Amino acid sequence: MIKSGVNNMLTFDIEEWFHANYDDIVTPADGKPSHFRYCMDTLLEICRKTDCKATFFVLGYIGEHYPDVVKAILREGHEVASHGYAHQLAYKQTYEQFKADVKKSVDILEHITGVKVIGYRAPSWSIVESNLHYLQALEELGLKYDASIFPVKTFLYGIPTAPTEIHKPRVGGKELGIYEVPMSVMQMAGKNIGYSGGFYFRFFPELWIKNVIRTANRQGKSSIVYLHPREVDPTEQKLSLPFKEHFIHYYNVRGTKSKLERILRSFEFTSIAEQLKTRYNLEV
Ligand SMILES: [Zn+2]
Numbered sequence: 001m002i003k004s005g006v007n008n009m010l011t012f013d014i015e016e017w018f019h020a021n022y023d024d025i026v027t028p029a030d031g032k033p034s035h036f037r038y039c040m041d042t043l044l045e046i047c048r049k050t051d052c053k054a055t056f057f058v059l060g061y062i063g064e065h066y067p068d069v070v071k072a073i074l075r076e077g078h079e080v081a082s083h084g085y086a087h088q089l090a091y092k093q094t095y096e097q098f099k100a101d102v103k104k105s106v107d108i109l110e111h112i113t114g115v116k117v118i119g120y121r122a123p124s125w126s127i128v129e130s131n132l133h134y135l136q137a138l139e140e141l142g143l144k145y146d147a148s149i150f151p152v153k154t155f156l157y158g159i160p161t162a163p164t165e166i167h168k169p170r171v172g173g174k175e176l177g178i179y180e181v182p183m184s185v186m187q188m189a190g191k192n193i194g195y196s197g198g199f200y201f202r203f204f205p206e207l208w209i210k211n212v213i214r215t216a217n218r219q220g221k222s223s224i225v226y227l228h229p230r231e232v233d234p235t236e237q238k239l240s241l242p243f244k245e246h247f248i249h250y251y252n253v254r255g256t257k258s259k260l261e262r263i264l265r266s267f268e269f270t271s272i273a274e275q276l277k278t279r280y281n282l283e284v
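Residue 284 in the numbering used here sits at position 284 of the sequence shown; the count goes up by one each step and never skips.
Right under this line is the structure:
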């Protein structure tokens, strides 16, 4: 297998099919049988087959319901990080509620694995300009990095003017002691757009995505891929959503599993923790 020499970062947000943050839907009770275990087996198998390591941002809720799956992630050599406990938007929580939600998830995950959690990603990229100072809570909890900022503007999230490379964020004029690992973007018509995760990953053609990753890698830059378990199984339970949200949530789920496998075969991918250790001398 010939892969590019630059390490890209592979990430998954580990949650159930009903974890979403649209205003106009009511999250259904956890009644219907989900395909969560099948989806997780699929993701872990793809990583194994393509020799890629990943960061799994796991909800505390998932830790409570599927502790064996969290152990399997670790056993396969991947990083277990936090996606919060209950999948609530960070900017709809107070500072203290946010901190408590993250702490609860970190405690659950560390109890299962016995390994320190060092990274966090907010549900639906919900660290935005108005709550950027919430990053301080992560430092107070002893975390080493955040990966919640998407330098784009969408109806749900984004800080379009945020730095696009890994950096130490500043809050109130003070540099924090944690790293920010922003989601990958590319420039199109003068605007930042995503290309390598979630809807963008499903929407853009495979050859086009590969080309953007290759171009970034040639410039010495990494790309981050992110996906959810539900995105590798077109038969997973589905939320009933209005047209726009349905399109964003489910467009081309059918082709995603094989597309992911082929992209992972074409490039080097590792976890965020590994990337920070090797390229930014992070000591943990
Ligand atoms: Zn999520």
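Glycine included, C-beta positions come from ideal geometry on N, C-alpha and C. If you're wondering where the values come from, they're calculated on a predicted model, not measured in any experiment.
Tell me whether the beta-carbon of residue i lies closer than 7 Å to the beta-carbon of residue j.
i           : j           : result
residue 105 : residue 85  : yes
residue 178 : residue 239 : no
residue 78  : residue 59  : no
residue 119 : residue 157 : no
residue 11  : residue 226 : yes
residue 19  : residue 65  : no
residue 63  : residue 108 : yes
residue 102 : residue 136 : no
residue 207 : residue 50  : no
residue 130 : residue 90  : no
residue 234 : residue 253 : yes
Where does the unbroken beta strand (DSSP E) through residue i begin, and where does it stop?
i           : result
residue 191 : 191–193
residue 82  : 79–82
residue 57  : 55–58
residue 236 : Neither: residue 236 is in no beta strand (DSSP E) and is coded neither H nor E.
residue 269 : 268–270
Please identify the residue among the options whose C-alpha is closest to the C-alpha of residue i.
i           : options           : result
residue 279 : 97, 81, 221       : 221
residue 186 : 246, 71, 165      : 165
residue 113 : 102, 72, 161, 256 : 72
residue 195 : 181, 210, 189     : 210
residue 260 : 245, 231, 235     : 231
residue 182 : 150, 171, 170     : 150
residue 163 : 176, 184, 212     : 184
residue 216 : 160, 267, 276     : 267
residue 271 : 130, 167, 53, 103 : 53
residue 123 : 136, 92, 153, 143 : 92
residue 38  : 117, 17, 197      : 17
So with Cβ pairs under 7 Å, would you call residue i a contact of chain D?
i          : result
residue 82 : Absent here is chain D; the protein component of the structure consists of one chain.
Just mark residue i as buried or exposed, buried being the case when its beta carbon has 16 or more other beta carbons within 10 Å.
i           : result
residue 111 : exposed
residue 202 : buried
residue 95  : exposed
residue 97  : exposed
residue 121 : buried
residue 57  : buried
residue 7   : buried
residue 219 : exposed
residue 223 : buried
Check for me: the alpha helix (DSSP H) holding residue i runs from which residue to which?
i           : result
residue 14  : From DSSP, residue 14 is part of no alpha helix (DSSP H) but of the beta strand (DSSP E) over 7–14.
residue 97  : 95–113
residue 199 : 198–203
residue 212 : 206–218
residue 224 : It is not in any alpha helix (DSSP H) - residue 224 instead sits in the beta strand (DSSP E) that spans 224–227.
residue 187 : First-last for residue 187: 186–188, but that is the beta strand (DSSP E), not the alpha helix (DSSP H).
residue 45  : 36–50
residue 139 : 135–140
residue 250 : 243–250
residue 74  : 67–75
ask   = For ligand 1, which residues have a Cβ under 6 Å from at least one heavy atom, in chain order?
value = 13, 15, 19, 83, 87, 123
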